[in-house]
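In my numbering, the protein residues as written are 46 to 485.
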Ligand code: EPZ
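As structure tokens, this is what we get:
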């Protein structure tokens with residue numbers, strides 16, 4: 046098991062580069078299953094989930110070449126298996142994104158039902174109901190989803206309405222509809238930038254997707270899709286996390302290779318709090334925090350509102366702000382796991398259902414902490430950066446899922462953080478995690 050050891054109290058200063066967006070890379074890699082030709086993706090983040098997704102593609106028969114660390118050339122010309130097995134899906138729910146492409150291109154798919162995770166039950170009922178509306182037969186058997194296209198072999202385009210906004214549900218159906226017969230309309234679609242990025246790739250492959258980024262997406266089915274080359278957008282959540290890191294340490298950071306317009310709601314909220322954020326050019330932000338932070342309420346909502354994936358990081362920041370902030374988490378039912386760890390560092394947080402109230406500023410003290418999920422881990426790192434003394438964060442494999450070498454990036458701008466590898470042999474379950482390849 047690996048841990049982070051952080052000694053807090055240093056103001057971050059310098060320049061940090063943002064990696065590609067994990068939540069765009071994952072659906073874009075799955076989209077390669079829609080074609081027998083090569084799809085080349087650039088600017089992939091070097092994170093655990095991308096390694097897992099690559100393993101899934103290779104396990105079902107796709108070829109993945111990596112001419113350089115952040116470029117994958119994916120060719121799904123000889124798919125032999127049409128399934129995503131449990132051992133992969135349980136480590137990464139986004140494996141369900143193989144469902145739409147396999148069903149659309151081959152007329153069949155078997156994907157393990159993803160279990161819940163730390164932040165909620167996270168069902169995929171909306172995905173399955175929508176596939177059924179496109180004419181698929183969907184059965185649940187021994188924890189697996191078995192999906193079959195209609196006898197004619199192709200899905201049939203329909204007008205679909207999502208009862209709830211679902212990001213991967215929108216992505217799964219958008220991919221499936223590209224090869225369906227006729228027009229598919231997705232109503233109440235997710236509008237995240239990752240949806241728009243995926244649609245851009247699909248259209249490069251020859252699909253006819255219109256309206257991505259709005260709540261109504263139209264997809265005109267085509268006979269087949271070809272290869273394409275595409276560069277993944279920067280990670281808006283990593284960008285927001287580093288803005289919070291500069292703010293919480295009263296530092297001064299230049300954040301480059303980002304796309305500020307993808308996190309406008311985060312930037313607006315942090316400016317309200319007192320963080321100085323200046324756009325130096327379309328892909329670079331300058332962030333500093335000379336003034337006292339002021340507590341401000343926030344509610345997480347689907348894009349373009351304040352993202353749930355920034356909620357944990359925002360909570361850590363509010364422990365250093367003057368006054369009380371109420372944080373409403375409306376997307377997931379259990380996304381305050383970081384609160385109890387922050388309380389162990391001295392934070393004043395009270396939880397009432399999906400609402401957390403944080404009162405500050407509080408001088409946090411370092412402590413041994415346990416990471417529970419990807420964004421909670423980031424929250425604990427931020428708290429460790431400002432806490433007095435030493436913070437040890439265990440189970441950092443959570444953070445490796447979505448942040449590329451975060452400790453190296455933080456150390457490069459002055460943080461006292463290091464990764465400690467436990468010498469004891471990890472129990473089998475942990476060893477099953479796909480290991481990161483050599484150091485960057
Ligand atoms: C995506 O998850 C992201 N993951 C999540 O990021 C992100 O938190 C989430 O969208 C919300 O923005 C990827 O893109 C790989 P949803 P997803 O379907 O698609 C309920 C991270 O930290 N729902 O938009 O799984 C669901 O339970 C991760 O990078 C159903 O009820 O989220 C949740 O309450 C964490 N039935 C809400 O909708 C369904 O069929 C939103 O879920 C689907 C979803």
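Yeah, the Cβ is synthetic: ideal placement off N, Cα and C, and Gly gets one too.
Member of the options whose CA lies at the smallest distance from the CA of residue i
i: residue 207; options: 109, 173 and 183; result: 173
i: residue 60; options: 446, 297 and 426; result: 297
i: residue 85; options: 397, 75, 93 and 94; result: 75
i: residue 333; options: 291, 141, 442 and 318; result: 291
i: residue 66; options: 273, 327, 256 and 242; result: 242
i: residue 353; options: 271, 97, 53 and 418; result: 418
i: residue 408; options: 402, 424 and 428; result: 428
i: residue 160; options: 355, 405 and 136; result: 136
i: residue 115; options: 64, 151, 155 and 153; result: 64
i: residue 238; options: 57, 273, 264 and 307; result: 307
i: residue 361; options: 336, 287 and 301; result: 287
i: residue 335; options: 262, 272, 325 and 316; result: 316
i: residue 397; options: 465, 381 and 388; result: 381
i: residue 461; options: 51, 342 and 395; result: 51
i: residue 54; options: 431, 435 and 453; result: 431
i: residue 275; options: 345, 48, 77 and 131; result: 77
i: residue 154; options: 176, 167 and 138; result: 176
i: residue 250; options: 233, 273 and 236; result: 273
i: residue 246; options: 232, 83, 139 and 47; result: 83
i: residue 327; options: 132, 170, 412 and 299; result: 299
i: residue 252; options: 265, 240 and 259; result: 265
i: residue 143; options: 127, 441 and 96; result: 127
i: residue 32; options: 331, 271 and 118; result: This structure does not reach residue 32, given that the chain is present from 46 up to 485, and the question cannot be answered.
i: residue 548; options: 49, 94 and 165; result: A query on residue 548 cannot be resolved here, the shown segment of the chain reaching from 46 to 485 and no further.
i: residue 131; options: 186, 112 and 364; result: 186
i: residue 216; options: 73, 402 and 363; result: 73
i: residue 321; options: 111, 289, 347 and 442; result: 289
i: residue 113; options: 281, 468 and 87; result: 87
i: residue 240; options: 337, 227 and 258; result: 258
i: residue 293; options: 271, 244, 359 and 49; result: 359
i: residue 452; options: 99, 167 and 426; result: 426
i: residue 347; options: 395, 374 and 96; result: 374
Host beta strand (DSSP E) of residue i (start-end)
i: residue 397; result: 393-397
i: residue 373; result: 368-374
i: residue 185; result: 182-186
i: residue 400; result: 400-405
i: residue 159; result: Neither: residue 159 is in no beta strand (DSSP E) and is coded neither H nor E.
i: residue 325; result: 321-326
Cβ separation of residue i and residue j, assumed to be a contact under 8 Å, to the nearest whole Å
i: residue 106; j: residue 123; result: 5 Å
i: residue 91; j: residue 449; result: 5 Å
i: residue 205; j: residue 180; result: Incorrect: roughly 12 Å between the Cβ atoms, too far for contact.
i: residue 455; j: residue 439; result: That pair is no contact at about 18 Å.
i: residue 444; j: residue 457; result: So it is not a contact: roughly 17 Å between Cβ atoms.
i: residue 345; j: residue 371; result: In fact, because the Cβ distance is near 12 Å, the residues do not count as touching under 8 Å.
i: residue 210; j: residue 235; result: 5 Å
i: residue 121; j: residue 62; result: Contact flag wrong, Cβ pair sits at about 31 Å.
i: residue 277; j: residue 304; result: Residue 277 to residue 304, Cβ: 11 Å. No contact.
Sub-7 Å separation of residue i and residue j beta-carbons
i: residue 45; j: residue 340; result: Since the first residue shown for the chain is 46 and the last is 485, residue 45 is missing from the structure and cannot be characterised.
i: residue 391; j: residue 410; result: yes
i: residue 156; j: residue 129; result: yes
i: residue 256; j: residue 198; result: no
i: residue 149; j: residue 101; result: no
i: residue 229; j: residue 222; result: yes
i: residue 310; j: residue 351; result: yes
i: residue 329; j: residue 301; result: yes
i: residue 70; j: residue 89; result: yes
i: residue 190; j: residue 158; result: yes
i: residue 314; j: residue 267; result: no
i: residue 183; j: residue 192; result: yes
i: residue 203; j: residue 232; result: no
i: residue 357; j: residue 421; result: yes
i: residue 464; j: residue 47; result: yes
i: residue 147; j: residue 140; result: no
i: residue 104; j: residue 446; result: no
i: residue 413; j: residue 437; result: yes
i: residue 338; j: residue 365; result: yes
Range of the contiguous alpha helix (DSSP H) that encloses residue i
i: residue 333; result: Taken as a continuous stretch (DSSP letters only), residue 333 belongs to no alpha helix (DSSP H), being part of the beta strand (DSSP E) at 329-333.
i: residue 232; result: No alpha helix (DSSP H) contains residue 232, which is instead part of the beta strand (DSSP E) from 228-232.
i: residue 105; result: No alpha helix (DSSP H) holds residue 105; DSSP gives it neither H nor E.
i: residue 423; result: 419-431
i: residue 386; result: 382-389
i: residue 92; result: Taken as a continuous stretch (DSSP letters only), residue 92 belongs to no alpha helix (DSSP H), as it is neither H nor E.
i: residue 151; result: 144-151
i: residue 311; result: 309-318
i: residue 273; result: Note, residue 273: premise wrong, no alpha helix (DSSP H); beta strand (DSSP E) at 273-276.
Any chain D beta carbon closer than 7 Å to residue i
i: residue 322; result: The structure shown contains no chain D; it is built from a single protein chain.
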